[in-house]
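Engineer: My questions will all concern the structure given below.
The structure is reproduced here in structure tokens:
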């Protein structure tokens, strides 16, 4: 896809969303695997299936509903993605990044990314929250490759403090107030869709990874290029391969996520009051 065609697709998608809702979202939320019901309290909610948005990809993974919700809160407009796109589904990096760019065109200033992760540490347990402080990209691609345009931001964005320290500090305080176990850590991004081998997990731990997952990083890089404040909240769905003898199952991720969603929705309400 040519970069000008890509920009046209982003503008068409943004125009269509504006035609469906008068909400001007300043905060965007992307809900990961099993977290489709972690929705903050909103009024005047408009639901738009991804299939209706021009140029939007389709979700194919169970637990990703494929809907965008726009609504108002006392603190401003919110846009929520129920489900995301993954590299392992066959989507290009620019397609994965497209919703973030569309949100920014709509007025988004802060992006909250959520994702299910496997723990590389025995003291980071299933059900705990991990605030992402940094990442390592082992996906083999970068979403900025071949799709630079000045209106997107710098071609070579600086990713130091990509995950906003102030937002992390605030979220940790709110988690502790709610009695939610919370940690900080480095996200290791892999292409998937197979789970990692024990040898890979040993290597990632040696390199400094704390959790591992198959998403988040493409969206994070694009958000930072566009100057959007970024918060990444991962929830631990399982111990990574080699740390337990249990078999890894996507269905178990979804089951635990559905129980965790309500708790995360309450945390979002707390956060929105303070942003």
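In our numbering, the protein residues as written are 2 to 276.
For glycine and all other residues, C-beta sits at the position ideal for the given N, C-alpha and C.
Looking at residue 234 and residue 97, is the spacing between their C-beta atoms short of 9 angstroms?
Structural biologist: no
Engineer: Thinking C-alpha only, which one of 35, 109, 9, 162 is nearest residue 264?
Structural biologist: Of the residues 35, 109, 9, 162, the one whose Cα lies closest to the Cα of residue 264 is 35.
Engineer: What's the call for residue 136, buried or exposed, on a 16-neighbour Cβ count within 10 Å?
Structural biologist: buried
Engineer: Assuming residue 243 contacts residue 199 under a Cβ cut-off of 8 angstroms, what Cβ separation, rounded to an integer in Å, is found between them?
Structural biologist: Between residue 243 and residue 199, the beta carbon gap of about 3 angstroms places them in contact (Cβ cut-off 8 angstroms).
Engineer: Note down the Cα distance separating residue 207 from residue 122, rounded to an integer number of angstroms.
Structural biologist: 11 angstroms
Engineer: Which one or two residues does DSSP pair with residue 231 in a beta bridge?
Structural biologist: Paired residues: 112.
Engineer: Identify whether residue 24 lies in helix, strand or coil by the three-state DSSP scheme.
Structural biologist: coil
Engineer: Name the DSSP beta bridge partners of residue 190, please?
Structural biologist: In the DSSP output, where bridge partners are listed per residue, residue 190 has 138, 214.
Engineer: Among the residues of its own chain, which have a CB less than 8 angstroms from the CB of residue 61, if the five just before and after it don't count?
Structural biologist: If we look at residue 61 and ignore the five residues flanking it on each side, its Cβ neighbours are 90.
Engineer: I think residue 118 touches residue 262, with their Cβ atoms under 8 angstroms apart; what is that distance to the nearest whole Å?
Structural biologist: With 8 angstroms as the limit, residue 118 and residue 262 do not qualify as a contact, their Cβ atoms being about 16 angstroms apart.
Engineer: Does residue 61 come out as helix, strand or coil in the three-state DSSP assignment?
Structural biologist: The DSSP-derived three-state label of residue 61 is coil.
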